[in-house]
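Inspection log for the structure reproduced underneath, given as structure tokens.
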């Protein structure tokens, strides 16, 4: 059996590393370089925690975290800097308090903070309603993680090709037979769509429509002259500050599902309104007072109605998807790979089934 994985980001390479242990022929096709597109544009958060957690989501994240331990043995550096979720309203502060209870019941360290306690984490508390601090959360360089997964795959015999675009998927009698690429036709018994924001185009090629929409994730890189100490700060207003070795990344995330929403993926421009909103954080995170913007970019997310990815078989025989990570691709990629690999509890396949939204 020949399996073609479309996409060489964190999800596609994690799947390749997972399937490399089988006796199947595996080929990864990446239009650019490994981990260079959506993966490289992410904040690189490895989040064991989540606001309003459900038991399934915590189990899924735990599984992913365990897989990342294996990648750390290959040289992936992960920094345990934690996360502070910041409430800008009393209602959200109440949600954080409830989340802390659920996280602690799952064995995760979580502390509810009063507004004046935020100062100890470098945050000006005026106008804020409190926070939730989870010190176990980590960050990594996501592009490095993707390359390490790709290295694992190559070692296992996977053919990883870069600079190759997939332009079409060939089917016959409702089953996959090949992919058309920028280098010609490639026969395939199975195709796994791990193409991130380009995934909807590939779905259209095989005649299926899945509930996926695009959202933009703009980011500014700022320098402060020294490493920013403290945890990643995620605000109720869906802005965040992710510390780096030279300062921080200031970002915004939108994970609300809007049916049919698509963007021009070549447009990486950062809006003036986001710049203004992000720079407001310099008055809140104390270490950013004299920060200088040195770079900006946009990463595109692919979002589902319930915020969980679509993973597994579709109505086209031999065509699988691993898409719609809803801004959690870095966190969840190795667990998604396990679902594709099949070595999971049936609940995972059911809860993440690409056909779960069918009426």
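Numbering (UniProt numbering), first residue to last: 1 to 359. Beta carbons: idealized from backbone N, C-alpha and C, even for Gly.
Check your understanding: How should residue 47 be labelled, buried or exposed, when 16 other C-beta atoms within 10 angstroms of its C-beta is the threshold for buried?
Key -> It is buried - the Cβ of residue 47 has at least 16 other Cβ atoms within 10 Å.
Exercise for review: Could you pull out every residue in the same chain whose Cβ sits closer than 8 Å to the Cβ of residue 378, ignoring the five residues on either side in sequence?
Suggested key: Because the chain is modelled from 1 through 359, residue 378 falls outside the range shown and cannot be assessed.
Check your understanding: If you drop the 5 nearest sequence neighbours on each side, which residues of the same chain put their C-beta closer than 6 Å to that of residue 265?
Key -> Excluding residues within five positions, the ones whose Cβ falls inside 6 Å are 197 and 300.
Practice item. Measure how close the beta-carbons of residue 344 and residue 210 come, nearest whole angstrom, since I'm counting them as under 8 Å. Key: Going by Cβ atoms, the distance from residue 344 to residue 210 rounds to 21 Å, so no, they are not a contact pair.
Point to revise | Within 8 Å, strictly: CB atoms of residue 29 and residue 176 | key: For residue 29 and residue 176, no; Cβs fall outside 8 Å.
Check your understanding: Of the choices 88, 236, 169 and 230, whose alpha-carbon is the least far from that of residue 5?
Key -> Considering only alpha carbons, the answer is 169.
Exercise for review: Note down, in chain order, each residue of its chain lying with its Cβ closer than 6 Å to the Cβ of residue 294, except the 5 sequence neighbours on either side.
Suggested key: Cβ within range, chain order: 221 and 223.
**Study point:** Pick from 217, 323, 92 and 153 that is closest to residue 275, judged by C-alpha positions
**Key:** If we check each option's Cα against that of residue 275, 217 comes out closest.
Check your understanding: Contact check, residue 250 vs residue 278 under 8 Å by CB: the rounded distance?
Key -> About 4 Å separates the CB atoms of residue 250 and residue 278; that is less than 8 Å, so the two are in contact.
Review point. If you check the beta carbons only, do residue 112 and residue 130 fall under 8 Å apart?
Key: With contacts defined by Cβ atoms closer than 8 Å, residue 112 and residue 130 form a contacting pair.
Review point. Would DSSP call residue 27 helix, strand or coil?
Key: Here residue 27 carries a strand assignment [DSSP, helix/strand/coil].
**Study point:** 7 Å Cβ shell around residue 21 - same chain, five flanking residues per side excluded
**Key:** 156, listed in sequence order.
Exercise for review: Just confirm the distance between the C-beta atoms of residue 11 and residue 287, as a whole number of angstroms; I'd bet it's less than 8 Å.
Suggested key: Not really, about 33 Å apart at Cβ, beyond 8 Å.
Point to revise | Rounded straight-line distance, which links the Cα of residue 227 to that of residue 65 | key: Near 25 Å, if we compare the C-alpha coordinates of residue 227 and residue 65.
Exercise for review: With a 10 Å radius around its C-beta and 16 neighbouring C-beta atoms as the bar for buried, classify residue 16 as buried or exposed.
Suggested key: The residue is buried, with at least 16 neighbouring Cβ atoms inside 10 Å.
Check your understanding: In this structure, does DSSP put residue 291 in helix, strand or coil?
Key -> Coil at residue 291, not helix or strand.
**Study point:** Pair within 8 Å by beta-carbon distance, residue 148 and residue 133
**Key:** For residue 148 and residue 133, no; Cβs fall outside 8 Å.
Review point. How many Å lie between residue 267 and residue 314 at the Cα?
Key: When rounded, the separation of the alpha-carbon atoms in residue 267 and residue 314 is 30 Å.
Review point. Is the beta carbon of residue 119 sitting closer than 8 Å to the one on residue 81?
Key: No.
Check your understanding: Excluding the five sequence neighbours on either side, which residues of its own chain have a C-beta within less than 8 Å of the C-beta of residue 56, listed in chain order?
Key -> 347 and 351.
**Study point:** Collapsed DSSP secondary structure at residue 316 in the structure displayed
**Key:** Assigned with DSSP and collapsed to three states, residue 316 falls in coil, not helix or strand.
Review point. Who are the near neighbours of residue 166 in its chain, counting only those whose CB is closer than 6 Å to its CB and skipping five residues on each side?
Key: The answer, listed in chain order, is 6, 29, 179 and 181.
Practice item. Using the Cα positions of residue 193 and residue 353, report the straight-line distance between them to the nearest angstrom. Key: Cα to Cα, the separation comes out at about 14 Å.
Exercise for review: Taking the CB atoms as reference points, tell me whether residue 128 and residue 86 lie closer together than 8 Å.
Suggested key: Taking 8 Å as the Cβ cut-off, residue 128 and residue 86 qualify as a contacting pair.
Practice item. Kindly identify the DSSP beta-bridge partner or partners of residue 219. Key: Bridge partners of residue 219: 251 and 297.
**Study point:** Alpha-carbon to alpha-carbon, residue 35 and residue 203
**Key:** Taking the straight line from one Cα to the other gives about 21 Å.
Practice item. In angstroms with no decimal places, state the Cα-to-Cα distance between residue 160 and residue 311. Key: Counting only the Cα atoms, residue 311 lies some 21 Å from residue 160.
Exercise for review: Any chance you could list the beta strand (DSSP E) runs of at least 3 consecutive residues sitting entirely within the stretch 146-225, in chain order?
Suggested key: List check, beta strand (DSSP E) in window: 159-162, 166-172, 175-181, 184-187, 190-193 and 213-223.
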